[in-house]
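In terms of my numbering, the numbers along the sequence shown are unbroken and rise by one, the last being 190.
Idealized CB from N, CA, C, for every residue including glycine.
Since the structure is predicted, the reported quantities are computational estimates derived from the model, not experimental observations.
One structure is given below, encoded as structure tokens.
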Amino acid sequence: MEFTSSLNTATIFTLTPLVTAIFSIVIFKQKLLFREIIIYIVGAIGTCIVVFKGDMELLLNFTLNYGDIIFLIAIVFMSLYSISAKYFYKENDEVLTITFMTLIGGIFWMGIAVIVLDIPLQWQKIEGELFLYMSYLSIGATLFTVYLYQKAVVVIGSKKIDGLYLYKSIFLLLSFYISSMELISLY
4 MEFTSSLNTA TIFTLTPLVT AIFSIVIFKQ KLLFREIIIY IVGAIGTCIV VFKGDMELLL
64 NFTLNYGDII FLIAIVFMSL YSISAKYFYK ENDEVLTITF MTLIGGIFWM GIAVIVLDIP
124 LQWQKIEGEL FLYMSYLSIG ATLFTVYLYQ KAVVVIGSKK IDGLYLYKSI FLLLSFYISS
184 MELISLY
């Protein structure tokens, strides 16, 4: 978030389902139906309405910057992760194997980032309860979410799973309404 804004990242994030669909077409030879194209467009427009708070001025002043390019690359890798979860899936994959490979992959990429960006990790700052919380997030939560994500991608398909990202805007609107009991004005 040092090189971009949350508004830009939220807008760019809406591209994830479309990028995943394009990779699915290329890698799995899936067809993109006309109704799916309409769904992607309507979902992206709906998400943009939420992200830009219905303000046309914000939409027209939207520009990409260096951080946005980095985030676009991240979107490509998120889509490729979804595709690879299905592509490399083998029957009877163990949860521990999936989690272990995710953690090893994270260590590998973090190591490259540390070397290339020359940013120290500062592990000494993690003390007491923070170490327990971090252990839970890196092992417990990863174990659970990676397992569920991979199973869902194999059963439902990466194109549909990433398409669910577009529902987030609906849940954001509902949660905002429930918490404040106000409707968001689109004008």
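Does residue i pass the burial test, meaning 16 or more other C-beta atoms within 10 Å, or should it be called exposed?
i, result
"L63", "exposed"
"Q153", "buried"
"V156", "buried"
"P123", "exposed"
"S138", "exposed"
"Y190", "In this prediction, Y190 has a pLDDT of 47, which is less than 50 and means its spatial position is unreliable; what the coordinates show is noted afterwards. So Y190 ends up on the exposed side."
When DSSP labels each residue in this structure, what does residue i get in the three-state scheme?
i, result
"Y150", "helix"
"T17", "coil"
"Y190", "Its pLDDT being 47, under 50, Y190 is placed unreliably in this model, and the value from its coordinates should be taken loosely. In this structure, Y190 counts as coil in the three-state DSSP scheme."
"E60", "helix"
"D121", "coil"
"Y92", "coil"
"S8", "coil"
"F55", "coil"
"I129", "coil"
"L35", "coil"
"T105", "helix"
"T50", "helix"
"F65", "coil"
"G114", "helix"
"G160", "coil"
"I76", "helix"
Are the CB atoms of residue j and residue i within a distance shorter than 8 Å?
i, j, result
"L18", "I72", "no"
"F16", "S82", "no"
"L35", "A24", "yes"
"I86", "I30", "yes"
"F6", "G109", "no"
"T12", "F111", "no"
"Q33", "K162", "yes"
Residue i: which of the options sits nearest, CA to CA?
i, options, result
"C51", "I30, T14, Y43", "T14"
"T105", "S161, V149, S8, A47", "V149"
"F37", "I30, F31, V45", "V45"
"I164", "K89, K32, F6", "K89"
"Y43", "Q33, K32, V22", "V22"
"L67", "S9, F147, V158", "S9"
Problem - Touch test, the stretch 111-130 against the stretch 50-57, Cβ-Cβ under 8 Å, three pairs minimum - result: They do not touch, by the three-pair rule.
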